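In order, the protein sequence lines correspond to chains D and P.
Just so we're aligned, residue 1 is where the first sequence starts under the numbering used here, counting upward by one.
Just so we're aligned, residue 1001 is where the second sequence starts under the numbering used here, counting upward by one.
We put the CB at the ideal spot given by N, CA and C, even for glycine.
For clarity, every value in this text was computed on a predicted model and none was experimentally measured.
Please read the structure below before turning to the comments.
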Amino acid sequence: MSLNVQNKVTADIHLEITNILNMEAYYLDNRKYKEWLELLADTITYRMPLRETVEGVGVSNIAEDSAFFEETKTSLRTRVNRLYTKSAWVENPSTRQRHFITNIYVEATADPDEYKVRSYFLFMRSRASTSDIEQMFGERHDIIRKIDNGWKICSRTIYPDQSVITTMNMSMFL
Amino acid sequence: MIKKTMNEKAFHLLKEKMEQGLLPQWVITDPDIYDLEIEKIYGHTWQFLGHETEIKEPGSYVTRWMVNDPVLLVRTRQGEVKAFLNSCTHRGTQLCTADRGNKKTFTCPYHGWSYNLEGELVGIVAGNKVYGEEMDKSEWGLRPIPQVASYQGMIFGNLDPNAESLEDYLGEMKWYFDILLGRSGGMEVRGLPQRWVAKANWKATAENFAADPYHVQTTHRSTVEMGISPEDPLYAGYGHQVVMKNAHGINVITSKTGRARVPYQGTPESMWPLFEKHLTPEQLDIQSKVTVFVGGVYPNLSFVSPIHGTEGHLHNYLNFRMWRPIAPDRVEVWCWFLIDKAAPEEYKEDAYRGYLGSFGPSGTLEQDDTETWARIVEVSKGLMMRDKELNYNSVSNYLMGYSHVKPDENFPGPGTAYPTTYIDALSRKMHEHWLELISKDMFEKEVSR
């Protein structure tokens, strides 16, 4: 289990990765979806299984056989491109959204250019002139790798904490 | 017991308007109407509980809701399907809160009463020491859902012990269920249903799915803009809308030529002989021509069997969804993915991705649907909408095809088939049936007073 000393997570690395996640949130909240796609590796796997209610202590409550997202770069690009059409009504008029990303924990891997990153998210959204506030929250597990001197998200698994989703659709990316 | 009954004058006004093809908008979210609906419609119609493949093994269970009634759906040791009120008979505590699992007994966390898979009370903490000898456990088993039955693997329950049988209730719809669910010998559910809460009224969501291909061109215009769907404004309108007994219905959407764009909905050729084996020539004729099946079982179960994908290649799947009313302006949507058991594993995976990309809460088609549902309930509470005298003409238009589209006598399937799916025939039927159900016994009550 002991990792090579050069794989230590330095303060610089932590800051760089934190900045990437904050930049990502900024892109998403400001509808810069094409810029967001650039942060994702071409081979990304982007998944969001369901959270389920199960009995027992210390048992998994992630429904791995069920998903909200099961995406590749191609399918994510299709989703993104749709949001730039005039008639993706769910985002026209556009929603106002914020991704609050916290509790970022960076772990080294055997590959000196690759890190495992865990973060918490709180997603909040306001729509039209209603006073309802929609939200989702949970945890993300990423693999982030330095490719050609830039950071790319190579894989992301999103674990929602709600088993019944309280946003009335999931037009967002998390 | 029933505090709210329908005002006779309001009933006559409604009936009159609906005979003209108009539906007053105040009925969408009116709280008194909502209470009547729960009592008079949901108390007596067959509600979907789950698919048999969700509880495959003895001891497998899922928890479900029939509006506000908690349901425990289990597979017994003998392999039977049973459904009970998910509430301990001691103090009424919700017995099991898990979404699914496998157990031999269910134990209440309050005082420890436990029940077996047959619903029998098998354990009382301290037993006779506290209750004495007179306590007869056999009188305190879980309360069974009055009627439980299944058709083509779809398990339904009914709270009314006197309601007509499921087979009679489904009626002509069975013939179409045989195509949707039985074409290759049976379907299976993948995973858990996705659940989310939408700002919507159940009548509007049920109608949107079961009866309304007309919205496709506009609501889902983004797919036209992206070149995924055809430009032709009639593209979702080709085919037949079939209206059935009990306000069930299906839209068999084909194409301008009357043929499918891809045969057998793009399913692998290896499956086609199964279709030939399981379907009658008439059913096979429909299956070979259809692009999309979309319809519903009244009151709140809808289905769609389309062809979709977000990665350039298209797949067919079957999506059932249940609109659980939770308030006049809220539904909890339950969304199941079904696929032919006989389909190749790789196809099942790809079809699931295709489903996630199109329907379900993250689906690119679904997302825009939710927008229109919300916009209906946002505006339906206003004074002008609520004016029951209808002076302001706040009515919804259900006139499409009213006077000029006649049924196609040559359609091979049962039910009344109209030769287009851009028609309000099924919506009108759903609302007429709705009025019939919520006003049932209304006049008898007047007499008995």
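Cβ neighbours of residue i in the same chain (closer than 6 Å, five flanking residues each side left out)
i, result
"Y1304/P", "Note that residue 1304/P is Val in the sequence shown here, rather than Tyr. Within the same chain, V1304/P has close Cβ partners V1294, N1319."
"S66/D", "L50"
"Q1283/P", "I1179"
"R1100/P", "V1062"
"P1058/P", "R1075, R1077"
"K1003/P", "In this prediction, K1003/P has a pLDDT of 44, which is less than 50 and means its spatial position is unreliable; what the coordinates show is noted afterwards. So the list is empty, once near-sequence residues are dropped."
"R1428/P", "Y1398"
Helix, strand or coil at residue i according to DSSP, with G and I counted as helix
i, result
"N1246/P", "helix"
"N1102/P", "strand"
"N184/D", "Here chain D has residues from 1 to 174 only, and residue 184/D is not among them."
"Q1078/P", "coil"
"L1338/P", "strand"
"F1156/P", "strand"
"S1165/P", "coil"
"T10/D", "coil"
"A1236/P", "coil"
"K1429/P", "helix"
"I1055/P", "coil"
"Q1265/P", "helix"
"S1362/P", "coil"
"Y33/D", "helix"
"H1308/P", "strand"
"I1145/P", "coil"
"A1210/P", "helix"
"T1218/P", "helix"
"T1280/P", "coil"
"Y26/D", "helix"
"K116/D", "strand"
"H1315/P", "strand"
"I1002/P", "Caution is warranted here: a pLDDT of 40 is assigned to I1002/P, below 50, making its placement in the model unreliable, and no coordinate value can be reported."
"V1440/P", "Looking at the sequence shown, residue 1440/P is not Val but Lys. If DSSP states are grouped into helix, strand and coil, K1440/P belongs with coil."
Neighbouring residues, chain D, relative to residue i (Cβ below 7 Å)
i, result
"A1425/P", "Near A1425/P there are no residues of chain D at all, since even the closest Cβ is about 27 Å away, more than 7 Å."
"P1361/P", "F68, I165, N169, M170"
"T1093/P", "Going along chain D, no residue has its Cβ under 7 Å from T1093/P, so there is no contact; the nearest lies around 15 Å."
"A1374/P", "M168"
"A1198/P", "M168"
"D1451/P", "This structure leaves residue 1451/P out entirely; chain P is present only between 1001 and 1449."
"N1332/P", "Reading off the sequence shown, one finds Glu at residue 1332/P, where the question assumed Asn. Those are V164, listed as they occur along chain D."
Closer than 7 Å at the beta carbon, the chain P residues around residue i
i, result
"R82/D", "S1222, M1226, T1364"
"T95/D", "Neighbours of T95/D on chain P: none; closest Cβ ~10 Å, over 7 Å."
"E55/D", "A1098, G1101"
"A63/D", "G1191, L1192"
For residue i, the residue or residues it bridges with in DSSP
i, result
"W1323/P", "V1333/P"
"L1085/P", "V1071/P"
"Y1151/P", "M1154/P"
"F100/D", "L122/D"
"T1045/P", "Per DSSP, none; premise fails for T1045/P."
"M1187/P", "D1340/P"
"N1410/P", "Beta-bridge pairing links N1410/P to no other residue."
"T1063/P", "L1072/P"
Contact list for residue i against chain P, beta-carbon separation under 8 Å
i, result
"L50/D", "G1191, L1192, Q1194"
Limits of the beta strand (DSSP E) - the one that residue i falls within
i, result
"I143/D", "133-147"
"W1113/P", "First-last for W1113/P: undefined, no H or E at that position."
"K152/D", "150-160"
"Y1418/P", "1416-1418"
"P1024/P", "1022-1024"
"F68/D", "62-71"
"D42/D", "40-51"
Beta-carbon proximity list for residue i, same chain, < 8 Å, skipping 5 on both sides
i, result
"M1400/P", "Y1214, Y1422, I1423, D1424"
"K1256/P", "D1232, L1234, Y1235, Y1238"
"V1447/P", "Because the pLDDT of V1447/P is 46, which lies under 50, any placement of that residue in the model is unreliable, and the question is left without a value."
"L1192/P", "D1099, R1100"
Residues near residue i in its chain [Cβ-Cβ closer than 7 Å; skip 5 each side]
i, result
"E1172/P", "M1244, K1245, P1414, G1415"
"M1001/P", "Unreliable positioning characterises M1001/P in this predicted model, as indicated by a pLDDT of 35, which lies under 50. The coordinate reading is nonetheless provided below. If we look at M1001/P and ignore the five residues flanking it on each side, it has no Cβ neighbours."
"N92/D", "K86"
"P1361/P", "Q1194, W1196"
"A128/D", "P93"
Neighbour list for residue i in chain D, Cβ cutoff strictly below 8 Å
i, result
"Y1352/P", "A67, E70"
"E1371/P", "W89, V90, N169"
Proximal residues of chain P, C-beta to C-beta of residue i below 9 Å
i, result
"K86/D", "R1221, S1222, E1225"
"T130/D", "K1199, A1374, E1378"
Closer than 9 Å at the beta carbon, the chain D residues around residue i
i, result
"E1118/P", "The contacting residues do not exist; E1118/P stays about 20 Å from chain D at best."
Extent of the continuous alpha helix (DSSP H) to which residue i belongs
i, result
"G1127/P", "1127-1131"
beta-carbon residue i near the ligand MN non-hydrogen atom, thresh 6 Å
i, result
"N1102/P", "Ligands displayed in this structure: none; no statement on the ligand MN is therefore possible."
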